[in-house]
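The sequence shown begins at 89 in my numbering and counts up by one.
Have a look at the structure below before the remarks.
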Amino acid sequence: MKSRIKRNRRAGTCTLTIHPSRAELPDFALAQVLLTGKYADYLLPFVYEGDRQSARFYYDLTNTVSLSHLLRKGMTAERFAGSLRAVENVVRVCQAEQARLQTILWHPDYIYFLGDDAIPRMVQVPIVDGPAFESNPLSLLKILSQKDAETFGCQSWADELKSFLKCQVEFDASAYHEVLSSILPLGELSVLPEQQHTDSEHAGEPEGCNQKQTGDADSIPDCVDVDLDKEDDGPQYSETILKLPGAHEQGTPALTASQHKDVQGRSVSDCSYTQGEEANASSVVDEHNEDDEKPTSLWVEDSPRFRVTRIRDGRQVVCHQPVATIGRSARADIHMGGNSNVSRIHAEIRCLKTGGFEITDKHSSNGTRVSGTFIEPGVTARIDQSGAFSLADSDFIIETID
89 MKSRIKRNRR AGTCTLTIHP SRAELPDFAL AQVLLTGKYA DYLLPFVYEG DRQSARFYYD
149 LTNTVSLSHL LRKGMTAERF AGSLRAVENV VRVCQAEQAR LQTILWHPDY IYFLGDDAIP
209 RMVQVPIVDG PAFESNPLSL LKILSQKDAE TFGCQSWADE LKSFLKCQVE FDASAYHEVL
269 SSILPLGELS VLPEQQHTDS EHAGEPEGCN QKQTGDADSI PDCVDVDLDK EDDGPQYSET
329 ILKLPGAHEQ GTPALTASQH KDVQGRSVSD CSYTQGEEAN ASSVVDEHNE DDEKPTSLWV
389 EDSPRFRVTR IRDGRQVVCH QPVATIGRSA RADIHMGGNS NVSRIHAEIR CLKTGGFEIT
449 DKHSSNGTRV SGTFIEPGVT ARIDQSGAFS LADSDFIIET ID
């Protein structure tokens, strides 16, 4: 696999992008579980796009700091204990979903603390049998055991950890829980979402990208290709804005009534779009250009109904009508960019009064997928108030606007 960290300084976001290699087969069943945010307390927020030949996985690193940074600069006893607990929590998540432990990147460079959290979140990569990544729970615990425990006045923690590692050839979750319960206070197991019979809340997206990625490339296993984009002088957009289903919206405000007046009387091809920043009502595209890859839509007088975001580049379209078509045709309400001199309407989106959406396939060129499930031509699939769908070579997030 290859990994890359992208920063959008203008929008204040950080995104970790992971590309599976040709030999690594994406596990879309596991990807759908991650997409729901069910384990948002244990794993980093996640979205994905593509197919088995060209999948990409995106993780939101906004306002986070890596464990490797804290191990070098110093960390509190609370966060050291939280790191030990995170290992147990994530192992139990893998057991609950019957996922291999190798799907987790057990390395400090891929373990992140969000804000002031004491327990970090980890990266799970939905690849069958896991990515070719030379790390495991024992290798991570070995790194933690080498931490100078005198820093937080509890050398016995590191000593117990070293004793545990000497007896382990493969990771034993039960034995680790016993050790954890003996050295840390409140060692009882946390309750996973399925044991509560409720889905966990999605993690809201913090507003700034206040922490730079500080993991050294030299500390990452050789099998991983990392690009840490430390400088970006000009405007740069992250590969996805990572608007997760159910996440708290910090998005673009709708046009005001006075702004709508500037757009009245234009043809269907006249449109406005946002780029994850504040919409500019005077910026109106008069015609579709073959080189214009910005998805666009018609602004009308009605109040906003829903937003469609293309994951690849974070471009957004706000739709003000209950029914909208999406495709490359100039007649489409939501134009996907590129050549408009075609009659291709890929799908129809219907915003339901009861909440949620219905997406009907209109014989899309590469088929339509709703929440990762392929639907036949002419078939209609249901999406909740926010969710994911795929058309042609693009993936989208759709969400209701109040």
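C-beta: ideal position from N, C-alpha, C; glycine also.
Since this is a predicted model, take the numbers as computed values, not measurements.
Given Glu176 as reference, the closest of Ile106, Ser262, Phe221 and Ser223 once Cα atoms are compared: When each option's Cα is compared against that of Glu176, the closest is Ser262.
Leu228 versus Ala469: straight-line alpha-carbon distance, rounded: Straight-line Cα distance between these residues: approximately 43 Å.
8 Å CB neighbourhood of Ile471 in its chain, flanking five on each side removed: Hits under 8 Å: Gly444, Phe445, Glu446, Ile447, Val458, Ser459, Phe477 and Ile486.
First and last residue of the uninterrupted beta strand (DSSP E) at His451: Unbroken run through His451: none, as it is neither H nor E.
Runs of beta strand (DSSP E) wholly within the stretch 115-141 (minimum 3 residues, chain order): The stretch 115-141 contains these whole beta strand (DSSP E) runs: 134-137.
Inter-residue spacing [alpha-carbon to alpha-carbon] between Ala117 and Ile106: Each residue's alpha carbon lies about 17 Å from the other.
contact_flag[the stretch 162-182, the stretch 95-105] where n(CB pairs < 8 Å) is 3 or more: No contact exists between the stretch 162-182 and the stretch 95-105.
Residue from Asp490, Thr488, Ile489 and Ser482 whose Cα sits closest to the Cα of Gly138: Selected option, being the one with the closest Cα: Ser482.
Coil, strand or helix - Lys441 by DSSP: Correct three-state label for Lys441: coil.
Runs of alpha helix (DSSP H) wholly within the stretch 242-269 (minimum 4 residues, chain order): Segments of the alpha helix (DSSP H) lying fully in the stretch 242-269: 243-254.
Rounded straight-line distance, which links the Cα of Pro108 to that of Ile199: Those two C-alpha atoms are separated by around 19 Å.
Distance, Ala165 Cα to Ile231 Cα: C-alpha separation (whole angstroms): 16 Å.
Status (buried if at least 16 other CB within 10 Å, exposed otherwise) for Cys439: The residue in question, Cys439, is buried, as its Cβ has 16 or more Cβ neighbours within 10 Å.
Residue environment, Lys250, which counts as buried when at least 16 other CB atoms sit within 10 Å: Note on Lys250: under 16 other CB atoms within 10 angstroms of its CB, so exposed under the neighbour-count rule.
Whole-number beta carbon distance between Gly415 and Arg432, since they are thought to touch under 8 Å: Between Arg432 and Gly415, the beta carbon gap of about 5 Å places them in contact (Cβ cut-off 8 Å).
Buried or exposed (CB count within 10 angstroms, at least 16 for buried), Ala412: Answer is buried; the Cβ neighbour count reaches 16.
Check: Phe445 C-beta below 6 Å from any heavy atom of the ligand NAP: This structure lacks the ligand NAP; in fact it carries no ligand of any kind.
Beta-carbon gap between Arg209 and Leu268 smaller than 7 Å: Here Arg209 is not near Leu268, since their CB atoms are 7 Å or more apart.
Inter-residue spacing [alpha-carbon to alpha-carbon] between Ala421 and Val467: Looking at the sequence itself, residue 421 is Asp, so the reference to Ala does not match. In this model, Asp421 and Val467 are separated by some 20 Å (Cα to Cα).
CB contact flag (Arg395, Ile489, <7 Å): With a cutoff of 7 Å on beta-carbon distance, Arg395 and Ile489 are scored as near each other.
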